[in-house]
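Numbering (my numbering), first residue to last: 526 to 764.
Ideal Cβ positions, reconstructed from N, Cα and C, are used throughout, including at glycine.
None of these values were measured; they are calculated from a predicted model.
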């Protein structure tokens, strides 16, 4: 089953788990659902009162609801979520276009200082701690909301290497800011193992010809991701 799940999207995985009796009978699934229900009870009550009687924050976007009136409720609840899957669900619900203006300022603040979260069901060998995973999800949201209006903030976050892989989508989205500083910022990140491949892709997206010699040198990089990104970038740049 795990091998199958790796080929599915998050939404498809959710649907399989929701409709598969065997998966739902798994004690780990039952515990996760119970933890989510407990953590989300107050938020779900407020959403229902606002006209959105859902069983999860994710239902809002999975069912493609017009939930703009619910956005302030989601923003208010993220710092109180406590449970990582709920917090991630809330952030993903804030990735929609109509949430961009109200959600971007708090998302910028939360990227630097993610709300405290935990997940008792998370495997001990998970690649990142719960708060770091949440930071990465917040980074995805910020990348989706990238505009010229927040160029300063996104450039600053991209340059802060302490945030590691959480910056991947922020770096990838820098071309959307249309800021003249972006090419130099991306060139300066090519030696960052956490985001270097994303910087290469962003330079290719910009069709920044001046970066071509530098990218050519990366074709022989020991980093497999960087090598692959460099080859694709050179094709886009007309190698």
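Residue i in three-state terms, based on DSSP
i           : result
residue 592 : coil
residue 651 : coil
residue 643 : strand
residue 568 : helix
residue 560 : helix
residue 619 : coil
residue 536 : With a pLDDT of 46 at residue 536, under the threshold of 50, the modelled position of that residue is not reliable, and the figure given next carries that caveat. Helix at residue 536.
residue 614 : helix
residue 577 : coil
residue 765 : The chain is shown only over 526 to 764; residue 765 falls outside these bounds and no answer can be derived.
Proximal residues to residue i (C-beta, below 8 angstroms), its chain only, five neighbours per side dropped
i           : result
residue 553 : 646
residue 726 : 697, 754, 757, 758
residue 671 : 679, 695, 698, 699, 701, 702
Alpha-carbon to alpha-carbon, residue j and residue i
i           : j           : result
residue 492 : residue 601 : Residue 492 cannot be examined here, being either before or after the span of the chain that is shown, 526 to 764.
residue 627 : residue 556 : 33 angstroms
residue 763 : residue 642 : 46 angstroms
residue 567 : residue 659 : 21 angstroms
residue 734 : residue 723 : 17 angstroms
residue 662 : residue 581 : 17 angstroms
residue 709 : residue 578 : 48 angstroms
residue 612 : residue 606 : 5 angstroms
residue 749 : residue 616 : 31 angstroms
residue 704 : residue 569 : 40 angstroms
residue 718 : residue 575 : 45 angstroms
residue 587 : residue 599 : 15 angstroms
residue 597 : residue 747 : 46 angstroms
residue 744 : residue 604 : 43 angstroms
residue 625 : residue 590 : 16 angstroms
residue 638 : residue 657 : 10 angstroms
residue 692 : residue 738 : 25 angstroms
residue 686 : residue 562 : 36 angstroms
residue 760 : residue 731 : 13 angstroms
residue 714 : residue 565 : 39 angstroms
residue 583 : residue 558 : 13 angstroms
residue 689 : residue 682 : 10 angstroms
residue 535 : residue 675 : Reliability fails at residue 535, whose pLDDT of 43 lies under 50, so the model's placement of it is uncertain and no value is given.
residue 684 : residue 667 : 15 angstroms
residue 622 : residue 633 : 16 angstroms
residue 614 : residue 560 : 13 angstroms
Cβ-based neighbour list, residue i, same chain, cut-off 6 angstroms, excluding 5 preceding and 5 following
i           : result
residue 644 : 609, 655
residue 635 : 663
residue 665 : 694
residue 673 : 702, 703
residue 751 : 721, 722, 743
residue 711 : 724, 727, 728
Residues sharing a beta bridge with residue i, DSSP
i           : result
residue 608 : 643
Residues near residue i by beta carbon distance below 7 angstroms, same chain, minus five either side
i           : result
residue 585 : 577, 579, 592, 595, 618
residue 706 : 680
residue 527 : Confidence is the limiting factor: at residue 527 the pLDDT is only 36, short of 50, which leaves the residue's position unreliable, though a coordinate-based value still follows. Around residue 527: no qualifying Cβ.
residue 572 : 579, 595, 598
residue 669 : 620
**Message:** Quick check for students: name the residue ranges of the alpha helix (DSSP H) that lie wholly in the region 653 to 695, counting only runs of 4 or more.
**Reply:** 655 to 669, 676 to 684
**Asked** In the region 687 to 761, which residue ranges form an unbroken alpha helix (DSSP H) of at least 4 residues, counting only runs that do not cross its ends?
**Response** 693 to 698, 707 to 713, 721 to 731, 737 to 742, 749 to 761
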